[in-house]
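Chains as they are written, first to last, in the working numbering: chain A, 10 to 241; chain B, 10 to 241. Taking it in order: structure first as structure tokens, then the write-up.
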DNA sequence: ATCTTTGCGTAACGGTCGTTATGCTGATCG
DNA sequence: CGATCAGCATAACGACCGTTACGCAAAGAT
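Next up, the structure:
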């Protein structure tokens with residue numbers, strides 16, 4: 010035998026490089042030469058691990074999904090489902106330069122998915138997982154009495170997914186001044202509207218928790234009836 | 010002098026051809042040769058009217074916007090603002106093969122806008138107009154007593170824009186079985202949630218009518234229409 | 001020590017891209 | 001009735017693309 014290299018490990022290196030290239034230079038900047046260069050190799054090495062450029066693209070999306078998966082799993086562990094839902098969605102919003110780069114990545118995939126069945130397949134699986142996370146948390150919130158029992162969790166989940174994607178689009182093209190707090194306000198507003206008034210206490214209902222001390226975050230408006238005069 | 014042709018008219022023919030190419034073959038299928046071929050010319054003619062490929066792209070988006078603008082103006086004339094809002098949004102949803110093609114077109118632009126400032130500028134103007142249409146109708150609904158007076162129309166308008174874009178994304182990648190009626194249900198649901206109970210007095214709500222009957226266009230684009238261009 | 005196999009760099013191939021150069025055609029005007 | 005010039009086709013250019021071919025270096029196996 011000859012020397013052995015961890016095949017999966019190498020593929021991950023190239024996938025990460027591809028992710029970086031798309032994030033910074035877009036889909037049309039994605040070339041096998043550039044990916045190999047960023048990864049610290051040449052095309053000869055890359056072709057050793059991938060059959061085609063499309064396979065590199067797929068691997069990049071799988072790598073990106075894996076990176077955020079770790080992050081997302083943390084939120085699911087929070088005791089209060091409704092709060093976990095909020096923060097999970099917040100973490101997905103394009104509120105920083107890095108996250109906006111990630112969003113450019115996914116938008117590029119949307120475009121590609123419409124023409125490549127294989128990419129479409131991958132994207133469908135990504136959305137199945139992402140939507141499922143939200144729906145699960147909504148159901149948990151219902152069990153915790155923090156959302157109406159007759160709420161259609163599937164509907165609400167997909168609605169939130171759509172809202173987030175829509176926000177992402179507007180941020181990317183630079184429509185309106187969609188700052189981070191503003192993005193969060195849209196999410197909070199829709200959550201409150203769908204799930205109704207919040208429970209005053211989370212997990213273990215501490216009965217005398219009357220302190221109104223909130224963190225520095227701007228507190229979002231409540232339901233529709235109280236939504237007047239919000240200017241920022 | 011030599012023979013004269015309508016410069017703007019020619020540009021429109023190429024723009025329509027570019028629109029068709031992107032719709033059917035995506036952004037990576039958009040080449041100056043293909044656009045010229047579809048328009049019934051060759052690259053020599055195209056370069057006579059456009060400085061670069063990017064300019065063709067911009068012209069294509071302006072043409073697409075102009076086509077839908079005519080359609081949208083009809084809805085604004087409806088007596089009941091809330092119903093007009095519904096149908097305006099319905100008309101934008103990717104509920105047919107043709108409309109899905111249009112959506113592919115816009116998604117391609119989102120991706121491009123993130124990297125080309127000039128394309129971004131154009132897209133921002135498109136969204137300003139689209140959002141403004143929705144917000145105006147919401148305000149009219151408020152005046153007609155068909156929406157709560159304390160509703161933040163700007164917020165609701167942008168929320169609806171985001172929802173529609175999010176639905177478009179999910180339809181394009183094929184996530185869930187997002188049929189036409191289902192798409193409309195999401196829109197209706199959010200409108201009802203934000204604007205509250207409907208007034209009964211308005212014109213009888215046409216139940217999910219897809220007004221796809223092609224009305225006779227006022228006048229066909231004058232001059233010689235090229236080979237396979239302009240498919241409304 | 002030698003053979004075999006793997007890892008990967010180098011370079012070339014065929015194709016397509018946006019753009020540019022060039023030349024024909026025919027409508028218009030002095 | 002030429003002269004002229006806009007309109008457009010043809011073709012070539014240089015760059016870059018994904019992919020393939022090939023060769024060498026090094027590490028495990030014998």
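Ideal placement from N, C-alpha and C gives every residue a C-beta, glycine not left out.
Not a single C-beta of chain B is nearer than 7 Å to the C-beta of residue 96 (chain A). Here residue 91 (chain A) has 150, 155 as same chain residues with Cβ atoms under 6 Å from its own Cβ, once five neighbours each way along the sequence are excluded. Excluding sequence positions up to five before and after residue 189 (chain A), its CB lies within less than 8 Å of the CB of 102, 104, 105, all in the same chain and listed in chain order. Along the segment 164-185 of chain A, going in chain order, the ones with a CB nearer than 8 Å to a CB of chain B are 164, 167, 168, 170, 171, 172, 173, 174, 175, 176, 178, 179, 181, 182, 183, 184, 185.
Residue 40 (chain A) is not a Cβ neighbour of residue 110 (chain A), given a cutoff of 7 Å.
Contact check for residue 194 (chain B) against residue 165 (chain B) fails: the beta carbons are separated by 7 Å or more. Around the CB of residue 169 (chain A), 16 or more other CB atoms lie within 10 Å, so the residue is classed as buried. DSSP places residue 153 (chain A) outside any alpha helix (DSSP H), giving it a letter other than H or E.
When the beta-carbon positions are compared, residue 123 (chain B) and residue 181 (chain A) come within less than 7 Å of each other.
When only Cα atoms are considered, residue 45 (chain B) and residue 57 (chain B) end up about 11 Å apart. For residue 19 (chain B), the closest alpha carbon among the candidates B:192, B:34, B:94, B:51 is that of B:51. By the neighbour-count criterion, in which a residue is buried when 16 or more other Cβ atoms sit within 10 angstroms of its Cβ, residue 75 (chain B) is exposed. The Cβ atoms of residue 97 (chain A) and residue 69 (chain A) do not sit closer than 7 Å to each other.
Pairing residue 201 (chain A) with residue 14 (chain B), the inter-Cα distance amounts to about 59 Å. Here residue 21 (chain B) is buried, its C-beta having at least 16 other C-beta atoms within 10 Å.
Residues of the segment 131-158 of chain A whose Cβ lies closer than 8 Å to any Cβ of chain B, in chain order: 132, 133, 136, 137, 140.
Following the DSSP letters along the chain, one finds residue 100 (chain A) inside the alpha helix (DSSP H) bounded by residues 90-101. Of all residues in the segment 99-119 of chain A, the ones placed with a Cβ closer than 7 Å to any Cβ belonging to chain B are 113, 116, 117, 119, in chain order. Of the other Cβ atoms in all chains shown, fewer than 16 fall within 10 Å of the Cβ of residue 159 (chain B); this residue is therefore exposed. If you look at residue 120 (chain A), you'll find it in the alpha helix (DSSP H) that goes 106-122.
Nearest CB-CB separation between residue 26 (chain B) and chain A: not below the 7 Å threshold.
Residues of chain A whose Cβ lies closer than 8 Å to the Cβ of residue 129 (chain B) are, in chain order, 182, 183. Listed in chain order, the alpha helix (DSSP H) elements of length 4 or more contained wholly in the segment 181-214 of chain B are 189-204. Of all residues in the segment 34-45 of chain A, those with a C-beta nearer than 9 Å to a C-beta of chain B are 34, 35, 36, 37, 38, reading in chain order. At the C-beta level, residue 205 (chain B) and residue 157 (chain B) come within 7 Å of one another. Using beta-carbon distances, residue 122 (chain A) counts as an interface residue toward chain B, with a partner under 7 Å. Under the Cβ criterion of 7 Å, residue 202 (chain B) is counted among the residues facing chain A.
Residue environment analysis places residue 53 (chain A) among the exposed positions, since fewer than 16 neighbouring C-beta atoms fall within 10 angstroms of its C-beta. Counting only residues of its own chain and dropping the five nearest sequence neighbours on each side, residue 84 (chain A) has a CB closer than 6 Å to the CB of 93, 96, 97. For the pair residue 121 (chain B) and residue 131 (chain B), the CB atoms are not nearer than the 7 Å cut-off. Shown here, residue 15 (chain A) sits in coil according to DSSP, grouped into three states, outside any helix or strand. Of all alpha-carbon atoms in B:148, B:196, B:163, B:36, the one lying nearest the alpha-carbon of residue 186 (chain A) is that of B:163. Between residue 24 (chain A) and residue 80 (chain A), the C-beta gap is not smaller than 7 Å, which leaves the two residues out of contact.
Residue 86 (chain B) and residue 199 (chain B) have their C-alpha atoms some 23 Å from each other.
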